[in-house]
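Peer 1: Dropping the structure in here first, questions after.
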DNA sequence: CCAGCGAAGATTGTGTGCAACTTAAGATCG
DNA sequence: CGATCTTAAGTTGCACACAATCTTCGCTGG
């Protein structure tokens, strides 16, 4: 059997990312321990690790909560992504083999199909595909320092259930960016790829900030 | 009394940064527990947190070791710093009050005095001053996302006991950079400050990479 | 002599009990 | 009636014990 703390980390991360625990929700240790079928010890370790990832916040003697983001913090996260992810994309270009391009192309195409308005549209299916796309790109860059620095930042938009907040034009742009990044990668042009990634992130930033502002005022 | 795990994190971080545990050294839990006067539980938590900071590496069922850096990883860390720290510096400029400029000026001047060749030179004294200087700049930027992303990277050079590896010309440049950054900050010019910070990091990178190469070949 | 195997020792992973702290409700006093 | 103190319930922090895993050393066989 795999390690209990390992399972706890994965399970809890999925629960949070999937929205079972909304932002700000309290994460009691005994509650999680029962739910995950382990004792409090691995739960504590899982919370500590997710805290390092930025998914939960731990207040001493007061327990853990799912991280909640102010508009300002959300903008800050996108600034960080804008600083790092284009660089990683550029690094990935010369390292990509043909097969990597094929895999990314497949992902980008599937996202376009699933994201296109109509009866087949499934915005929830976009989330894992998007994670996979960006994850593969980061892996190709083969730059652990930047990858870990980025890791804490990428979860924030996901927690906000992002694709439902995209307006049609922004969503179309976002999906087109993926396709264009693959094209730039296949053309072996890191500057092109990085530029599209920059645009991609700024587009996402605009969507998320608008949504967060709206949610904040609406509440 | 303050929390045991908190003390353990701080104490262990200082021990590693101070060089009591060389890179690659094994960190047995019972050994640390006895040394720090706590039980294994807070030690494990401390190791987990320092692992998130990048100071130690944990292998499942095989314990923790002080992170050791290959030349390639070291270069990667400096790439990350080059991507983030100039931005943070630029952000810090408009937020700095006169008192902040004074404090940074004081630090920069003390570093110049302590770093100047002669009987008063004390390269070990530079380490905490340098940490404080960069730390204050990061704090001024008031950008938690970037700050935490950077946190893991800044330790690496310190672990390598850096200032002893500087040749006189590079050291002089490095100390001059600090002074110039303060000047740019006082002039309210973020572009200037960011540019000097970029140069500062590239200068450090050249020194560290050369030293790491030398150490690797010498061993 | 070397490779592979096996058992003992050591170390990490997990469960559980108790102490310390936080928090919220109720009582007491102004 | 409102504010503050008290108290009790619940939760986290820590220590310790046991289980699982890894490592090392010795042994056997080729």
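Residue numbers (my numbering), protein chains in the order written: chain L, -3 to 215; chain P, -3 to 215. Every residue gets a Cβ at the ideal spot worked out from N, C-alpha and C, and that includes glycine. Please read these numbers as outputs of a predicted model, since none were measured by experiment.
In whole angstroms, give me the CA-to-CA distance for residue 141(L) and residue 49(L).
Peer 2: Here residue 141(L) corresponds to residue number 145 of the first chain, with the count starting at 1. Here residue 49(L) corresponds to residue number 53 of the first chain, with the count starting at 1. Their backbone Cα atoms lie some 14 Å apart in a straight line.
Peer 1: Which residues share a DSSP beta bridge with residue 55(P)?
Peer 2: As a first step, residue 55(P) is located in the second chain; it is residue number 59 there, counting from the start. DSSP, once it has assigned bridges, lists 59(P) as partnering residue 55(P).
Peer 1: Alpha carbon to alpha carbon, how far is residue 201(P) from residue 177(P)?
Peer 2: Translated into the one-based positions of the second chain, residue 201(P) becomes position 205. Translated into the one-based positions of the second chain, residue 177(P) becomes position 181. Going by the C-alpha atoms only, they are around 18 Å apart.
Peer 1: What residues in the stretch 49 to 65 of chain P bring their beta carbon closer than 9 Å to a beta carbon of chain L?
Peer 2: The stretch 49 to 65 of chain P vs chain L, Cβ under 9 Å: 49, 50, 56 and 57.
Peer 1: How would you write the range of the alpha helix (DSSP H) that residue 48(P) sits in, first residue to last?
Peer 2: Mapped onto the second chain, residue 48(P) falls at position 52. First-last of the alpha helix (DSSP H) with residue 48(P): 36 to 49.
Peer 1: Put residue 169(L) into one of helix, strand or coil per three-state DSSP.
Peer 2: Working through the first chain from its first residue, we reach residue 169(L) at position 173. It is helical.
Peer 1: Would a check of beta-carbon distances place residue 76(P) closer than 8 Å to chain L?
Peer 2: Residue mapping note: residue 76(P) aligns to position 80 of the second chain, counting from 1. Residue 76(P) counts as touching chain L.
Peer 1: Answer yes or no: does any C-beta atom of chain P fall closer than 8 Å to that of residue 6(L)?
Peer 2: On the first chain, position 10 is the one that residue 6(L) refers to. Not one chain P Cβ lies under 8 Å of residue 6(L).
Peer 1: Evaluate residue 64(L) with the Cβ neighbour count: other Cβ atoms within 10 Å of its Cβ, from every protein chain shown; 16 or more gives buried, anything less gives exposed.
Peer 2: Walking along the first chain from the start, residue 64(L) turns up at place 68. With fewer than 16 other Cβ atoms within 10 Å, it is exposed.
Peer 1: In whole angstroms, what is the alpha-carbon distance linking residue 184(L) and residue 190(L)?
Peer 2: Taking the first residue of the first chain as position 1, residue 184(L) is located at position 188. Taking the first residue of the first chain as position 1, residue 190(L) is located at position 194. About 11 Å.
Peer 1: Which of helix, strand or coil does DSSP assign to residue 206(P)?
Peer 2: Counting from one through the second chain, the residue named residue 206(P) turns up at place 210. Note: residue 206(P) maps to helix in three-state DSSP.
Peer 1: Mind listing, in chain order, the continuous alpha helix (DSSP H) runs of no fewer than 4 residues lying wholly within the stretch 83 to 117 of chain L?
Peer 2: Counting whole runs of 4 or more residues, the stretch 83 to 117 of chain L contains the alpha helix (DSSP H) stretches 94 to 111.
Peer 1: My understanding is that residue 0(L) touches residue 56(L), with C-beta atoms under 8 Å, so please give their C-beta distance in whole angstroms.
Peer 2: Residue mapping note: residue 0(L) aligns to position 4 of the first chain, counting from 1. Residue mapping note: residue 56(L) aligns to position 60 of the first chain, counting from 1. Their Cβ separation, rounded to whole angstroms, is 24 Å, which puts residue 0(L) and residue 56(L) out of contact at 8 Å.
Peer 1: Determine the direct distance from the alpha carbon of residue 68(L) to that of residue 157(P), and round the result to whole angstroms.
Peer 2: Working through the second chain from its first residue, we reach residue 157(P) at position 161. Working through the first chain from its first residue, we reach residue 68(L) at position 72. For residue 157(P) and residue 68(L), the distance between alpha carbons rounds to 37 Å.
Peer 1: Closer than 7 Å between beta carbons: that is the criterion. Which residues of the stretch 82 to 103 of chain P meet it against chain L?
Peer 2: Of all residues in the stretch 82 to 103 of chain P, 83 have a Cβ within less than 7 Å of some Cβ in chain L.
Peer 1: When you compare the CB of residue 13(P) with every CB in chain L, is at least one pair closer than 8 Å?
Peer 2: For this step, residue 13(P) is matched to residue 17 along the second chain. No, its Cβ sits nowhere closer than 8 Å to a Cβ of chain L.
Peer 1: So with CB distances below 8 Å, who are the chain L contacts of residue 149(P)?
Peer 2: For the purposes of this step, residue 149(P) is taken as the residue at position 153 of the second chain. Going along chain L in sequence order, the residues near residue 149(P) (Cβ under 8 Å) are 141 and 145.
Peer 1: Using 10 angstroms around the beta-carbon of residue 34(L), count the other beta-carbons present and answer buried if the total reaches 16, otherwise exposed.
Peer 2: Taking the first residue of the first chain as position 1, residue 34(L) is located at position 38. So residue 34(L) ends up on the buried side.
Peer 1: Indicate the three-state DSSP secondary structure (helix, strand or coil) for residue 23(L) in the structure shown.
Peer 2: As a working note, residue 23(L) is residue 27 in the first chain. If DSSP states are grouped into helix, strand and coil, residue 23(L) belongs with the strands.
Peer 1: Quick check: the Cα distance between residue 5(P) and residue 162(L), rounded to an integer number of angstroms?
Peer 2: Walking along the second chain from the start, residue 5(P) turns up at place 9. Walking along the first chain from the start, residue 162(L) turns up at place 166. When rounded, the distance between both Cα atoms is 42 Å.
Peer 1: Between the stretch 107 to 120 of chain L and the stretch 133 to 153 of chain L, do at least 3 Cβ pairs fall closer than 8 Å?
Peer 2: As far as the Cβ criterion goes, the stretch 107 to 120 of chain L does not touch the stretch 133 to 153 of chain L, which means the pair count is below three.
Peer 1: Are the Cβ atoms of residue 13(L) and residue 204(L) separated by less than 8 Å?
Peer 2: One-based indexing of the first chain puts residue 13(L) at position 17. One-based indexing of the first chain puts residue 204(L) at position 208. The answer is no: Cβ separation not under 8 Å.
Peer 1: If you draw a straight line from the alpha carbon of residue 17(P) to that of residue 92(P), how long is it in whole angstroms?
Peer 2: Taking the second chain and counting its residues from 1, the one referred to as residue 17(P) is at position 21. Taking the second chain and counting its residues from 1, the one referred to as residue 92(P) is at position 96. Cα to Cα, residue 17(P) sits roughly 37 Å from residue 92(P).
Peer 1: Which first and last residues belong to the alpha helix (DSSP H) in which residue 18(P) is found?
Peer 2: For the purposes of this step, residue 18(P) is identified with residue 22 of the second chain, where counting begins at 1. Counting along the chain, residue 18(P) falls outside any alpha helix (DSSP H), and DSSP gives it neither H nor E.
Peer 1: Pull up the CB-CB distance for residue 78(P) and residue 197(P), whole angstroms please, since I reckon it's below 8 Å.
Peer 2: Reading the second chain from its first residue, position 82 is the one you call residue 78(P). Reading the second chain from its first residue, position 201 is the one you call residue 197(P). Residue 78(P) to residue 197(P), Cβ: 5 Å. Contact.
Peer 1: Would residue 72(P) count as contacting chain L if we go by Cβ distances under 8 Å?
Peer 2: For the purposes of this step, residue 72(P) is identified with residue 76 of the second chain, where counting begins at 1. Taking Cβ atoms only, chain L reaches closer than 8 Å to residue 72(P), which makes this a yes.
Peer 1: Just tell me which of 66(L), 73(L) and 7(L) has its CA closest to the CA of residue 43(L).
Peer 2: The count along the first chain starts at 1 and reaches residue 43(L) at position 47. It is 7(L).
Peer 1: Which residues of chain P have a Cβ atom closer than 8 Å to the Cβ of residue 45(L), listed in chain order?
Peer 2: Stepping through the first chain from its first residue, residue 45(L) is reached at position 49. Residues of chain P passing the Cβ test: 44 and 48.
Peer 1: Are the C-beta atoms of residue -1(L) and some chain P residue less than 8 Å apart?
Peer 2: Reading the first chain from its first residue, position 3 is the one you call residue -1(L). For residue -1(L), the answer is yes, since a Cβ of chain P falls inside 8 Å of its Cβ.
Peer 1: I'd like the span of the alpha helix (DSSP H) that includes residue 131(L), first residue to last.
Peer 2: As a first step, residue 131(L) must be located in the first chain, where it is residue number 135. Unbroken alpha helix (DSSP H) run through residue 131(L): 119 to 137.
Peer 1: Taking three-plus beta-carbon pairs below 8 Å as touching, is the stretch 118 to 126 of chain L in contact with the stretch 21 to 36 of chain L?
Peer 2: Not touching, per the Cβ criterion.
Peer 1: Strictly under 8 Å for the Cβ-Cβ distance: is residue 25(P) near chain L by that measure?
Peer 2: In the second chain, the residue the question calls residue 25(P) occupies position 29. Cβ-Cβ to chain L under 8 Å: no for residue 25(P).
Peer 1: Give the secondary structure of residue 149(L) by DSSP, where H, G and I count as helix, E and B as strand, and everything else as coil.
Peer 2: Here residue 149(L) refers to the residue found at position 153 when the first chain is read from its first residue. In the structure shown, residue 149(L) sits in a helix (DSSP, three-state: H, G or I).
Peer 1: With distances taken Cα to Cα, identify the nearest neighbour of residue 212(P) among 101(P), 188(P), 66(P) and 15(P).
Peer 2: For the purposes of this step, residue 212(P) is taken as the residue at position 216 of the second chain. Nearest option by C-alpha distance: 66(P).
Peer 1: Give the straight-line distance between the Cα atoms of residue 122(L) and residue 76(L), rounded to the nearest whole angstrom.
Peer 2: Counting from 1 along the first chain, the entry for residue 122(L) is found at position 126. Counting from 1 along the first chain, the entry for residue 76(L) is found at position 80. If you take the alpha carbons of residue 122(L) and residue 76(L), they lie about 23 Å apart.
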